[in-house]
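Numbering-wise, the sequence shown is residues 1 to 232 according to the UniProt record's numbering. Where a beta carbon is used, it is the ideal one built from N, C-alpha and C, also for glycine. From a predicted model like this one, the values you see are computed outputs, not experimental measurements.
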Amino acid sequence: MSTALETKGLGMRYGRTWALRGCSLRLPTGSVIALVGPNGAGKTTLLQLITGLLRPAEGTVEVLGRDARTGSAEALARVGFVAQEHPLYRGMSVADLLRMGRSLNLRWDQPMAERRLADLGIPLTARAGALSGGQQAQVALALALAKRPALLVLDEPLANLDPIARRDFMRTVMTAVAEDEITVLLSSHVIADLENVCDRLVLLRGGRVRLAGAIDDVLAGHRRLTGPRTGA
Ligand code: ATP
């Protein structure tokens, strides 16, 4: 099976404090991977290293076999990213956001994005700031998917959503996975949020990968370490 993402000995520090250390992961193409860990575990740091927003202090990141450390255009063009605080420009309409995305991306799939948003009942004329939290999350996801990414990276996408918006958001993600061979890496504080949709899981704590592998194996290992499930 081909590899969507590989990190080797990846590390990042802020001042003297290591936020991530010795992170070596290989994620197969087409898998849906949950990155789970408590506050401050290093999840956002890892995702920002993968998406080229941060440069590592040590180690390497390869996306689709290309080095992402230098902000390699080819590698990063194939990565869709929804940040924890997705930076929708609140004063812009959904149509303006799509237009901006189209002007910045070569592989932009405008009809697919418009169809997805229409299916969700989100009007293109709506101002982003006037949409509900769930709708804003769907717009941010539609913009990331319109890039036709090979790797979709979502930083705590469910954190501020109510249960229905969470279900709808994950439904959109899983539809995209079913339609295209796309690898998804998404983070959460809580294993229970993601265990039904993911086939692999990476458990991060204190900046270190504690467990990684197929979801059933990792959950069994996690329960051996922590006893009955309490979260991450
Ligand atoms: P959360 O779930 O709260 O978002 P996280 O797992 O995403 O946490 P990170 O945000 O990656 O964790 O933070 C990892 C560590 O790095 C924490 O100790 C955090 O305080 C520290 N850190 C993160 N960003 C910075 C920064 N810009 N400057 C200094 N320290 C930082």
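Leaving aside the five residues before and after residue i along the sequence, list all residues of the same chain whose C-beta is less than 6 angstroms from its C-beta, in chain order.
{"i": "G231", "result": "Model confidence at G231 stands at a pLDDT of 46, short of 50, so the residue's coordinates are unreliable and nothing is read from them."}
{"i": "Q135", "result": "I122"}
{"i": "E74", "result": "R66"}
{"i": "E85", "result": "none"}
{"i": "R210", "result": "L203"}
{"i": "S103", "result": "none"}
Under 7 angstroms Cβ to Cβ from residue i, same chain only, skipping five residues before and after it: list those, please.
{"i": "F81", "result": "T51, A144 and V153"}
{"i": "P56", "result": "L10, G11, M12, L49 and R69"}
{"i": "R26", "result": "T3 and E6"}
{"i": "A83", "result": "D155"}
{"i": "R78", "result": "V63, L64, P149, A150 and L151"}
{"i": "A126", "result": "S93 and V94"}
{"i": "C198", "result": "V32, I33, A34 and I215"}
{"i": "G133", "result": "N160, L161 and A165"}
{"i": "M1", "result": "P28 and T29"}
{"i": "G22", "result": "G9, G11 and R208"}
{"i": "A142", "result": "A113, R116 and L117"}
{"i": "A19", "result": "M12, R13, G42, T45 and G207"}
Let's test the definition: count the other Cβ atoms within 10 Å of the Cβ of residue i and tell me whether it reaches 16, buried, or not, exposed.
{"i": "R16", "result": "exposed"}
{"i": "G129", "result": "exposed"}
{"i": "R224", "result": "exposed"}
{"i": "G91", "result": "exposed"}
{"i": "I215", "result": "buried"}
{"i": "Q138", "result": "buried"}
{"i": "A212", "result": "buried"}
{"i": "A220", "result": "exposed"}
{"i": "R116", "result": "buried"}
{"i": "residue 259", "result": "Here the chain comprises residues numbered 1 to 232, so residue 259 is not present and cannot be evaluated."}
Would you kindly report the start and end of the unbroken alpha helix (DSSP H) that includes residue i?
{"i": "V197", "result": "Per DSSP, V197 belongs to no alpha helix (DSSP H) and is neither H nor E."}
{"i": "P163", "result": "P163 to E179"}
{"i": "G101", "result": "V94 to L104"}
{"i": "residue 240", "result": "In the structure displayed, the chain extends from 1 to 232; residue 240 sits before or after that span and is not available."}
{"i": "S117", "result": "The question names Ser, but residue 117 is Leu in the sequence shown. Note, L117: alpha helix (DSSP H), Q110 to D119."}
{"i": "A73", "result": "A73 to A77"}
For residue i, which residues from the same chain have a beta carbon less than 8 angstroms from its beta carbon, with the 5 sequence-adjacent residues on both sides left out?
{"i": "I182", "result": "G30, P149, A150, L151, L152 and A176"}
{"i": "L54", "result": "M12, T45 and Q48"}
Assuming residue i is part of the beta strand (DSSP E), what are its boundary residues?
{"i": "M12", "result": "T3 to Y14"}
{"i": "G42", "result": "Element bounds for G42: n/a, residue is neither H nor E."}
{"i": "E58", "result": "E58 to V63"}
{"i": "L186", "result": "T183 to S188"}
{"i": "S24", "result": "T17 to P28"}
{"i": "I33", "result": "V32 to V36"}
{"i": "R208", "result": "R208 to A214"}
{"i": "L154", "result": "L151 to L154"}
Counting only C-beta atoms, is residue i closer than 9 angstroms to chain C at any point?
{"i": "V202", "result": "Absent from the structure: chain C. Only one protein chain is present."}
Any contact of the stretch 37-54 with the stretch 204-213, i.e. 3+ C-beta pairs under 8 angstroms? Taking 8 angstroms as the limit for Cβ pairs, the verdict is that the stretch 204-213 does touch the stretch 37-54.
Does the stretch 163-176 touch the stretch 96-104, meaning 3 or more C-beta pairs lie closer than 8 angstroms? Output reads no: the stretch 163-176 does not touch the stretch 96-104.
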